[in-house]
Amino acid sequence: MLDLICPYDTGLSLKIKSTRAQSINAITWPHPLSKAVKQSLYENGVFKVFQKGDSITEIMTKPGAICVVVSGVLKSQISDINGRVMVLGFYLQGDIVGFDGAAMEKSTYEAVALSTTCLFILPMNDYWQLPEDPIVLSQCHAKLAGQALFEANRRTAIIGHLDSDQKLAYFLLNIAARMHYQNYARNHFNLPMSRVEISQYLFVTAETVSRTLSRFQESGLLVVKRSDIQILNSESLLALLHKHNATTQLTSNYCHFEACHYGSM
């Protein structure tokens, strides 16, 4: 069984072969595409570039859309009646987003680009019209939607059971794993989100995020230069994440396997 808080899970990510070519072939799909499916994606899907701060309206309104992040990063968020923002997720290169957008239409749900971001966008209506076996299409959709639900449950576990040190350790290890999955440096990356946005995602204060990053640096776990992060000791961060493993883990086997695999890449 998957470890619910394993930071190395990249189940909702597709490999992006090239960020320069806006082409269907630049995306590694879950299974080989037939010529008919490729043609339908060419005709009905669109590559669109958003600037920092732009809202992704295609996700937020009916009928919704399934989007693949080709480059850049975006966040999804909602606001309560007092205007307080809760970030639901950060979506990096290769991530799939959009399964919950249409269902959130009557809420304060918003998807926003955090940097110059290129998305491949396929309207949900066109998705269901792809020339694919309906059973295969439904199975693929159910698998991806199930993974999205699993990610939501994972976040609930992180918020409810981890302290601020563990939350930030998970966050950093997860960002590193997702970046490395796209063939970027394993432990050296830029955080495109602000300290405030990280705090809105982890349910801690921005001051706590800053203090914890400073403490991690003083402890020799990482080097922080504004948004530039270099993890020096991923094993110690993982140990910190699971310091209360009796109450926060479903099982450790999967995460330990992934940690060994990740460490050997």
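The end of the sequence shown is residue 265 by UniProt numbering, with every number in the run present. The beta-carbon is built from N, C-alpha and C at its ideal position, and this holds for glycine as well. The structure displayed is predicted, hence computed values, not measured ones.
Beta-carbon contacts of residue i that lie in its chain and below 6 Å, excluding the five residues immediately before and after
i, result
"His242", "none"
"Thr205", "Ser199"
"Asp54", "Ala113"
"Tyr127", "Ile66"
"Gln147", "Gly11, Leu12"
"Ala145", "Phe99"
Cβ-based neighbour list, residue i, same chain, cut-off 7 Å, excluding 5 preceding and 5 following
i, result
"Val87", "Lys75, Gln77, Glu197, Gln200, Tyr201"
"Glu258", "Because Glu258 carries a pLDDT of 46, less than 50, the predicted location of this residue cannot be relied on, and no value is offered for it."
"Ser13", "Gly94, Asp95, Arg178, Tyr181"
"Ser71", "Thr19, Gln93, Thr117, Cys118"
"Ile16", "Ala26, Ile27, Val70, Gln93, Gly94, Gln182"
"Leu130", "Val37, Ser40, Leu137"
"residue 274", "Here the chain covers residues 1 to 265 and nothing more, so residue 274 does not appear."
"Ser210", "Arg195"
"His163", "The sequence shown places Asp at residue 163, rather than the His named in the question. There are no such residues."
"Val223", "Gln217, Gln230, Leu232"
"Trp29", "Leu14"
"Gln51", "Ala113, Thr116"
"Asp133", "none"
"Met193", "Lys75, Phe90, Leu114"
Cβ-heavy atom distance, residue i to the ligand SAH, below 7 Å
i, result
"Asn174", "What this structure holds is no ligand at all, so the ligand SAH is not there to describe."
Limits of the beta strand (DSSP E) - the one that residue i falls within
i, result
"Gly160", "Per DSSP, Gly160 belongs to no beta strand (DSSP E); it is in the alpha helix (DSSP H), 134 to 161."
"Val73", "Neither: Val73 is in no beta strand (DSSP E) and is coded neither H nor E."
"Ala111", "110 to 113"
"Ile231", "228 to 231"
"Leu213", "Looking at the DSSP string, Leu213 is not in any beta strand (DSSP E); the run it does join, the alpha helix (DSSP H), is 206 to 218."
"Asn190", "188 to 190"
"residue 269", "In the structure as shown, the chain starts at 1 and stops at 265, and residue 269 therefore has no counterpart that could be examined."
Limits of the alpha helix (DSSP H) - the one that residue i falls within
i, result
"Gln39", "35 to 44"
"Ile198", "195 to 202"
"His180", "164 to 181"
"Asn125", "124 to 127"
Local Cβ density within 10 Å of residue i, reported as buried at 16 or more and exposed below that
i, result
"Tyr181", "buried"
"Gly11", "exposed"
"residue 269", "Since the first and last residues shown for the chain are 1 and 265, residue 269 lies out of range."
"Asn125", "exposed"
"Glu218", "exposed"
"Lys167", "buried"
"Thr212", "buried"
"Ala169", "buried"
"Lys225", "exposed"
"Arg84", "exposed"
"Ile135", "exposed"
"Ile175", "buried"
"Glu58", "buried"
"Leu149", "exposed"
"Glu110", "buried"
"Thr248", "Because Thr248 carries a pLDDT of 39, less than 50, the predicted location of this residue cannot be relied on, and the following value inherits that uncertainty. Buried: at least 16 other Cβ atoms inside 10 Å."
"Gly64", "buried"
"Tyr91", "buried"
"Ile56", "buried"
Coil, strand or helix - residue i by DSSP
i, result
"Lys17", "coil"
"Gln51", "coil"
"Leu240", "helix"
"Tyr8", "coil"
"Phe99", "coil"
"Gln22", "coil"
"Ile81", "coil"
"Ile56", "coil"
Residues near residue i in its chain [Cβ-Cβ closer than 8 Å; skip 5 each side]
i, result
"Ala185", "Met179"
"Ile159", "Lys167, Leu202, Phe203"
"Gly89", "Lys75, Ser76, Val97, Glu151, Arg155, Tyr201"
Spell out a yes or no on whether the stretch 186 to 193 and the stretch 228 to 238 are touching, meaning 3 or more CB-CB pairs, one atom from each, closer than 8 Å.
Because the criterion of three Cβ pairs below 8 Å is met, the stretch 186 to 193 and the stretch 228 to 238 touch.
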